[in-house]
Amino acid sequence: MEPEVVSSEMLLSPVFSFKKVQMGDKYPKGQARGRHWKHLKQILQAENFQAYTNGRPNYLNIEAPPSAYPSKKFCDITGFEAPYVDPRTTLRYANPEIFKRIRMLPNEYVQRYLSLRNAAVVLR
Amino acid sequence: MSNVVVLDNGGGLIKAGFGGDRDPVAVVPNCLGRPSSSKKWLAADQLLAADFEIAAVSIRRPFDRGYLINPDLQKEIWDRVIGSLLRTDPSTSSLLLVEPLFNPPAIQRATDELVFEDLGFQSLFVADAPSLVHLYEASRWTADGLAAMAQCSLVVDCGFSFTHTAPVVQNFTLNYGVRRLDLGGKALTNYLKELVSYRSINLMDETLIIDDAKEKLCFVSLDVPKDLHLARKPGRDNPFRCTYVLPDGITNTRGFVKDIDEARRFLYLPDGSSTTPGVQAVDSQEDAGPAGDRKRVDMNKSEFDLTNERFLVPEMIFCPADLGMNQAGLAECIIKAVHACHPYLHPVLFESIILTGGSTLFPRFAERLERELRPLVRDDYRVKITCQKDPIKGVWRGGSLLASSPDFESMCVTKSEYEELGSARCRRRFFH
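These protein sequence lines map, in sequence, to chains A and B. Number 7 in my numbering belongs to position 6 of the first sequence; there are no gaps in the numbering. Number 748 in my numbering belongs to position 320 of the second sequence; there are no gaps in the numbering.
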């Protein structure tokens, strides 16, 4: 860039040969910078890691696998150890007083307690 | 003489400073926040100001699940950090950027564009967190240990967005051995928010307040069933119950713990652990008079109680299956990461495990990890866990060390090379 252009602070972005979309075209004059940023899930889907079958590590296959040990059961209402499960709602509880409370809960609250544990029934 | 700006771009906190320094100049949150009373978005360090209204703040982060998806937002935050806090001009400096592992190429391209075209740095070097931590710790080891001779270690980085267990050999991260747990400070804060909202007051919007409560009150328990049993006892026998007072904007702008010494009482329990030398068991029966009033929750003052949530929240890192997440705990993750490497490396890796990242600051984290890990490792291998002295700044310090090495300049990618060759060709220099 000539020194006069640089010093006049008109930043004309140069044209790069390796880019498909140049900076100047991405934000034409008068238009604010785009608000549409892709979320990580969309970026990952665009990467399409399933197509790479050569076994090299990528974001998807380095995730920790499911645990080999049985999980401990905690009460959904109070957080203490829960040896018992309510058969009607599948909520775990620690003692009979909590069980009385569970039986008095409306169904919506039951589903919300279950969703804390990722165990809610999701109708699609 | 161009100076090097070392920037550790994290999902939660940005650590920025100059290469060769001992400490970063700025450790600020990496987000924009807007209190509900004003219309202006405040960046990074303005959120830490004393008069900032901490209740009902909406937060926008440029990071999503650990990767930078919003370069525009990041540019605003970097402008503030580099312009006002570091006060340096990018066109005369090089940048050492720390990125997360397995950065997708689309994001790498966007970041390169941001660094070279928007900000105009002279040259760029991209590093990943585990190798920097290894570099920093290796420079502090004595020369005769087995780990120092073998030059490798297993870095466990429990950050804001996720936790990686990465084996590092000779300052080089082994890509195939890295295992990722999608749990970090953010997930723990969200879980604590849910628990408190279900059991006491609805605080689902108050991320900063719950962050504060989590950092002050949560700890890792060494024996969960026994602690749960203790937590059920009423009144003074319960060593875990604590109250956190919410800010009310008039008398106190930040929340605080009602009685910070009570909160530390769990450390003095006689449970056989050797973390607190020379301590007697606290007499719990004598002074029940004035203490009785302290225990009652004052409903006028908007505060909430925490008993077993204090140790069930960090428990999530060790056992995500308890809470419905289908991933292994931290100990198993370490085992899987080590077993993915060559068998000759196993004993060396187990002997030098380094804990880094802000989420390892919970009290007793290292002890609990050792207790969980020891039964899973062969008897003739030694297990030694080192905590970094300052886990939040640890990666930054490694970067500062790297930036002050003599041949750093030749390793960077300069702006002219980027303009000729493009982002993809330049990134191939960095091996990941």
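Virtual Cβ for every residue (Gly too), placed ideally from N, Cα, C.
Fill in: Ala472(B) beta carbon less than 8 Å from that of Val433(B)
No, these two residues do not count as a Cβ contact at 8 Å.
Worksheet item: For Arg515(B), does the three-state DSSP call read helix, strand or coil?
Response: In this structure, Arg515(B) counts as coil in the three-state DSSP scheme.
Worksheet item: If we ignore side chains and look at the alpha-carbon of each, how far apart do Thr671(B) and Ala765(B) end up?
Response: So the alpha carbons of these two residues sit roughly 40 Å apart.
Worksheet item: Among Glu622(B), Leu740(B), Tyr564(B) and Val606(B), which one has its Cα closest to the Cα of Leu645(B)?
Response: When only C-alpha atoms are compared, the closest one is Leu740(B).
Practice prompt. Select from Val841(B), Glu847(B) and Glu848(B) the residue whose C-alpha is nearest the C-alpha of Arg857(B).
Written response: Considering only alpha carbons, the answer is Val841(B).
Practice prompt. Look at the Cβ atom of Asp733(B), then the Cβ atom of Arg669(B), and state whether they are nearer than 8 Å.
Written response: A contact, by the Cβ cut-off of 8 Å.
Worksheet item: Which of the three DSSP states, helix, strand or coil, is assigned to Tyr619(B)?
Response: Three-state DSSP puts Tyr619(B) in a helix.
Discussion item. Ignoring anything shorter than 4 residues, give me the alpha helix (DSSP H) runs that lie fully in the stretch 747–835 of chain B, in order along the chain.
Written reply: Runs found: 758–767, 774–779, 793–801 and 822–831.
Worksheet item: Just how far apart, CA to CA, sit Lys723(B) and Gln816(B)?
Response: Only weak support exists for where Lys723(B) lies, its pLDDT of 47 falling under 50; the value from the coordinates is given anyway. Going by the C-alpha atoms only, they are around 36 Å apart.
Fill in: 8 Å Cβ cutoff, Asp721(B) in contact with chain A
Residue placement at Asp721(B) is flagged as unreliable, the pLDDT there being 43, under the threshold of 50; a coordinate-derived value is accordingly withheld.
Worksheet item: Under 8 Å between C-beta atoms, does Phe100(A) make it to chain B?
Response: In terms of beta-carbon proximity, Phe100(A) stays away from the interface with chain B, with every pair separated by 8 Å or more.
Worksheet item: How is Thr635(B) classed by DSSP in three states: helix, strand or coil?
Response: Per DSSP, reduced to three states, the secondary structure at Thr635(B) is helical.
Item to complete: Could you round the C-beta distance between Val554(B) and Leu525(B) to whole angstroms and report it? I think they count as a contact, below 8 Å.
Response: With a Cβ gap of about 5 Å, Val554(B) and Leu525(B) count as contacting.
Worksheet item: Which term fits Ala47(A), buried or exposed, when burial requires 16 or more other beta carbons within 10 angstroms of its beta carbon?
Response: Around the CB of Ala47(A), fewer than 16 other CB atoms lie within 10 Å, so the residue is classed as exposed.
Discussion item. Along the chain, where does the beta strand (DSSP E) containing Pro457(B) start, and where does it finish?
Written reply: Secondary structure note for Pro457(B): its beta strand (DSSP E) is the uninterrupted segment Ala454 to Pro457.
Item to complete: Kindly indicate if chain A contains any beta-carbon less than 8 Å away from that of Ala615(B).
Response: For Ala615(B), the answer is no, since every Cβ of chain A falls outside 8 Å of its Cβ.
Discussion item. I'd like to know whether the C-beta of Glu109(A) is nearer than 8 Å to at least one C-beta of chain B.
Written reply: Glu109(A) does not count as touching chain B.
Discussion item. Is Ala794(B) close to chain A? Criterion is C-beta to C-beta, closer than 8 Å.
Written reply: It does not: the Cβ of Ala794(B) has no partner Cβ on chain A nearer than 8 Å.
Worksheet entry | Best match in Leu476(B), Ile497(B) and Thr539(B) for proximity to Tyr846(B) [C-alpha to C-alpha] | Checked all of Leu476(B), Ile497(B) and Thr539(B); the closest Cα to Tyr846(B) is Thr539(B).
Item to complete: Decide yes or no for the touch test of the stretch 533–552 of chain B against the stretch 806–813 of chain B: beta carbon pairs closer than 8 Å, at least 3 of them.
Response: The stretch 533–552 of chain B makes no contact with the stretch 806–813 of chain B: fewer than 3 CB pairs, one atom from each, lie closer than 8 Å.
Worksheet item: Any idea if Gly720(B) is buried or exposed, counting beta-carbon neighbours within 10 angstroms, 16 or more meaning buried?
Response: Confidence at Gly720(B) is low in this model, with a pLDDT of 41, below 50, so the placement of that residue should be treated as unreliable; the coordinate-derived value is given next. It counts as exposed.
Worksheet item: Helix, strand or coil: which one does DSSP assign to Glu527(B)?
Response: Reduced to three states, the DSSP call for Glu527(B) is strand.
Worksheet entry | Nearest residue (CA-CA) to Asp77(A), options Arg627(B), Leu441(B), Ile482(B) and Pro653(B) | Comparing Cα-Cα distances from Asp77(A) to each of Arg627(B), Leu441(B), Ile482(B) and Pro653(B), the minimum goes to Arg627(B).
Item to complete: State the Cα-Cα distance for the pair Ala69(A) and Ser832(B), rounded to the nearest angstrom.
Response: Cα to Cα, the separation comes out at about 45 Å.
Practice prompt. Could you please give the first and the last residue of the uninterrupted alpha helix (DSSP H) stretch that includes Lys1(A)?
Written response: Nothing about residue 1(A) can be reported from this structure: the residues present for chain A run from 2 to 125 only.
Worksheet item: Ordered along the chain, which non-local residues of its own chain (more than five positions away) have a Cβ less than 8 Å from that of Asn108(A)?
Response: Around Asn108(A): no qualifying Cβ.
Practice prompt. Check whether the Cβ atoms of Asn119(A) and Gly612(B) sit closer than 8 Å, and answer yes or no.
Written response: Not a contact, by the Cβ cut-off of 8 Å.
Item to complete: Return the chain-ordered list of same chain residues with a C-beta closer than 6 Å to the C-beta of Ser486(B), the five sequence neighbours on each side being excluded.
Response: Arg462.
Worksheet entry | Opening and closing residue of the alpha helix (DSSP H) in which Ala65(A) lies | Unbroken run through Ala65(A): none, as it is neither H nor E.
Fill in: Residue-chain proximity (Leu435(B), chain A), Cβ-Cβ < 8 Å
Cβ-Cβ to chain A under 8 Å: no for Leu435(B).
Worksheet item: Taking C-alpha atoms, which residue in Leu658(B), Pro558(B), Ser512(B) and Trp569(B) lies nearest to Gly605(B)?
Response: With respect to the C-alpha of Gly605(B), the residue from Leu658(B), Pro558(B), Ser512(B) and Trp569(B) having the closest C-alpha is Pro558(B).
Worksheet item: If you count every other CB in all the chains shown that lies within 10 Å of the CB of Met632(B), and 16 or more means buried, which is it?
Response: By the 10 Å Cβ count, Met632(B) comes out exposed.
Discussion item. Please tell me whether Gly786(B) and Gly587(B) are closer than 8 Å, where the distance is taken between their beta carbons.
Written reply: Going by C-beta atoms, Gly786(B) is nearer than 8 Å to Gly587(B).
Discussion item. Less than 7 Å between C-beta atoms, sequence neighbours within five positions excluded: which residues of the same chain meet that for Leu45(A)?
Written reply: Once the five neighbours on either side are set aside, the close Cβ partners of Leu45(A) are Tyr60.
Worksheet item: At what residues does the beta strand (DSSP E) containing Ser551(B) begin and finish?
Response: Note, Ser551(B): beta strand (DSSP E), Ser551 to Asp556.
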